[in-house]
Amino acid sequence: MERAANLIFTAGSLIVGGGILFKSFFYTVDGGQRGLIFDRFQGVKETVYGEGMHFFIPVIQSPIVAEVRLQPKTVASNTGTKDLQTVDIAIRMLHKPIESYLPEIYKTIGLNYEEKILPSIANEVLKAVVAQYDADQLIKMREKISIEIKEALIERAKEFKIVLEDVSITHLGFMKEYAQAIEAKQVAQQLAERQKFIVLRDEEEKNAKVILSEGESEAARLINDAVKQYGTAQIEIKKLETAKHIAEQLAKSPNITWIPTGNGVSNLLNLKTF
Numbered sequence: 051m052e053r054a055a056n057l058i059f060t061a062g063s064l065i066v067g068g069g070i071l072f073k074s075f076f077y078t079v080d081g082g083q084r085g086l087i088f089d090r091f092q093g094v095k096e097t098v099y100g101e102g103m104h105f106f107i108p109v110i111q112s113p114i115v116a117e118v119r120l121q122p123k124t125v126a127s128n129t130g131t132k133d134l135q136t137v138d139i140a141i142r143m144l145h146k147p148i149e150s151y152l153p154e155i156y157k158t159i160g161l162n163y164e165e166k167i168l169p170s171i172a173n174e175v176l177k178a179v180v181a182q183y184d185a186d187q188l189i190k191m192r193e194k195i196s197i198e199i200k201e202a203l204i205e206r207a208k209e210f211k212i213v214l215e216d217v218s219i220t221h222l223g224f225m226k227e228y229a230q231a232i233e234a235k236q237v238a239q240q241l242a243e244r245q246k247f248i249v250l251r252d253e254e255e256k257n258a259k260v261i262l263s264e265g266e267s268e269a270a271r272l273i274n275d276a277v278k279q280y281g282t283a284q285i286e287i288k289k290l291e292t293a294k295h296i297a298e299q300l301a302k303s304p305n306i307t308w309i310p311t312g313n314g315v316s317n318l319l320n321l322k323t324f
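Here is the structure:
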């Protein structure tokens, strides 16, 4: 029995040891990653391995796993504008390496290329683009300048075998004094627009009064011409019509019980008859 137990223990140990030894000859590449092999005699091999399990020779070779998914990187820069204003600008980039060039990237830069290359080219491009514009243009033409920065960075990153999927300006700020000057300028523009509106309104009111005055003058002239041509009959008719209208309105009021006629006679109103 003891001998059988020893055999079982030995067999189990061999199986476990064999499993561990077998596993030591393989490495796994997960989704969004690519694998490389570093050989102590040949250096980094040119083959790029995809997802799955891959063979390597321990001691002689070492597996290298690299990320190929899009990753964000934010770079801030302090640079000058065309009109010598200092601007703080920050951009966000989504980047990844070109898979087929991973061996070259590893040999020349290293897998931490985003720390070595992206800040450098970002500062270079930002200084070159921002220097072409005045400070107020950076505000008014932000979208256009963002596109210009993006295109320049994409071309620059290609030289290092890096893909930039998206580049956007996340922050744009000026020195405190300049920011206050911009705010004061905006306030002054608003006040100027308001004053312009007031002037236009007064001008329109003035024109309306002139038109009204001209209309009244023309009406008076027409009445005068009518009196000369037809006498005062038309005026008397207007008086009667106006008096009739007033009498009708007064008659509807419960507080009026009489209306003077002008001849010493009063007309009684709203009197109940029994």
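In this note's numbering, each residue's number is its place in the sequence shown (first place is 1) plus 50.
Here a beta-carbon is modelled for each residue, glycine too, at the ideal position from N, C-alpha and C.
Using a threshold of 7 Å, state whether the C-beta atoms of residue i and residue j are closer than that.
i	j	result
residue 2	residue 117	The displayed coordinates of the chain run from 51 to 324. Any statement about residue 2 would go beyond what the structure contains.
residue 211	residue 148	yes
residue 85	residue 99	yes
residue 207	residue 133	no
residue 177	residue 129	yes
residue 222	residue 139	yes
residue 151	residue 113	no
residue 127	residue 173	yes
Ordered along the chain, which non-local residues of its own chain (more than five positions away) have a Cβ less than 6 Å from that of residue i?
i	result
residue 37	Any property of residue 37 remains undetermined from this structure, which presents the chain solely from 51 to 324.
In chain order, what residues of the same chain have a beta carbon less than 8 Å from the beta carbon of residue i, not counting five sequence neighbours either side?
i	result
residue 121	144, 145, 146, 164
residue 160	166
residue 239	none
Hey, could you find the ends of the beta strand (DSSP E) residue i is sitting in?
i	result
residue 146	136-147
residue 216	212-224
residue 86	83-89
residue 181	Note, residue 181: premise wrong, no beta strand (DSSP E); not H, not E.
residue 114	111-117
Please work out which residues of its chain come closer than 7 Å, Cβ to Cβ, to residue i, disregarding the five sequence neighbours upstream and downstream, and give them in chain order.
i	result
residue 157	94
residue 79	85, 99, 100, 101, 102, 104, 115
What does the Cβ neighbour count give for residue i, buried or exposed, with the cut at 16 atoms within 10 Å?
i	result
residue 244	exposed
residue 141	buried
residue 270	exposed
residue 241	exposed
residue 220	exposed
residue 292	exposed
residue 175	buried
residue 171	buried
Whole angstroms are fine: how far does the CA of residue j sit from the CA of residue i?
i	j	result
residue 180	residue 97	41 Å
residue 215	residue 204	8 Å
residue 199	residue 107	46 Å
residue 75	residue 153	21 Å
residue 166	residue 202	18 Å
residue 302	residue 262	34 Å
residue 88	residue 119	22 Å
residue 268	residue 246	33 Å
residue 265	residue 190	49 Å
residue 298	residue 272	29 Å
residue 253	residue 192	39 Å
residue 288	residue 295	11 Å
residue 169	residue 187	25 Å
Could you give the residue range of the alpha helix (DSSP H) that holds residue i?
i	result
residue 331	Only positions 51 to 324 of the chain appear in the structure, and residue 331 is not among them; the question remains open.
residue 157	152-158
residue 164	163-166
Return no unless some Cβ of chain B is closer than 7 Å to the Cβ of residue i.
i	result
residue 164	Looking at the structure shown, chain B is missing, and only one protein chain is on hand.
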